[in-house]
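**Student:**
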Amino acid sequence: MSSILKKGLLIAAGLLLSMLIAVWLSVKINAAEHAKLYAQAWSPSGKCVINTYAPAYGSGTVSNIVRSLSTQSFFRVYDKQGEMLKSTEWVLDLHEDGLQDYARWGKERVIYPTDMGYEGWSLPQCA
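As numbered in our numbering, residues 1 to 127 make up the sequence shown, in order.
#1: Would the beta-carbon of T88 fall within 8 Å of that of Y112?
#2: Spatial neighbours of V66 within its chain, please: CB distance less than 7 Å, with the 5 preceding and 5 following residues excluded, ordered by chain position.
#3: With DSSP run on the structure shown, which of helix, strand or coil describes S3?
#4: Please give me, in chain order, every unbroken run of the beta strand (DSSP E) with length at least 3 that falls completely inside the region 14-77.
#5: Going by DSSP, what residue range makes up the beta strand (DSSP E) through V110?
#6: Can you tell me where the beta strand (DSSP E) holding Y118 begins and where it ends?
#7: If you measure between the beta carbons of L99 and S73, is that distance less than 8 Å?
Shown next as structure tokens:
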């Protein structure tokens, strides 16, 4: 195989991979922008809220592929003024399961369910 052909195949593979990533990101961003609020849990102090969202992946082959490789829910924590403090929206190594079990507060800690058990964040500003 000639050097020019190898370089051409490598460039084509790189372009294909870039296009696939761009499409995946586009579907993920659109699903998050149109996500439906599924559940809320206010901190005991009333300073912060955990919102559980169900992403709206849409229909079609690409959306179904992204859905199958993604999580069914994600969590965002907001302060009372509406500023987002934390989010699992782009956590790619865990799959959240907020449709079966809700995120909750444990003192100043947010605890949310994943496929590997529970994870969480310490948020002293919410205590």
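By construction, the Cβ of each residue, glycine as well, lies at the ideal position given by its N, Cα and C atoms.
**Tutor:** In terms of the structure at hand:
#1: Cβ distance < 8 Å, so T88 and Y112 count as in contact.
#2: Within the same chain, V66 has close Cβ partners W24, V27, K28, Y57.
#3: Secondary structure of S3 (DSSP, three-state): helix.
#4: Secondary structure remark: continuous beta strand (DSSP E) runs of at least 3 residues inside the region 14-77, in chain order: 36-42, 48-54.
#5: Run containing V110: 109-114, per the beta strand (DSSP E) assignment.
#6: Per DSSP, Y118 belongs to the beta strand (DSSP E) from 117-122.
#7: Against a cut-off of 8 Å, the Cβ pair of S73 and L99 comes out as a contact.
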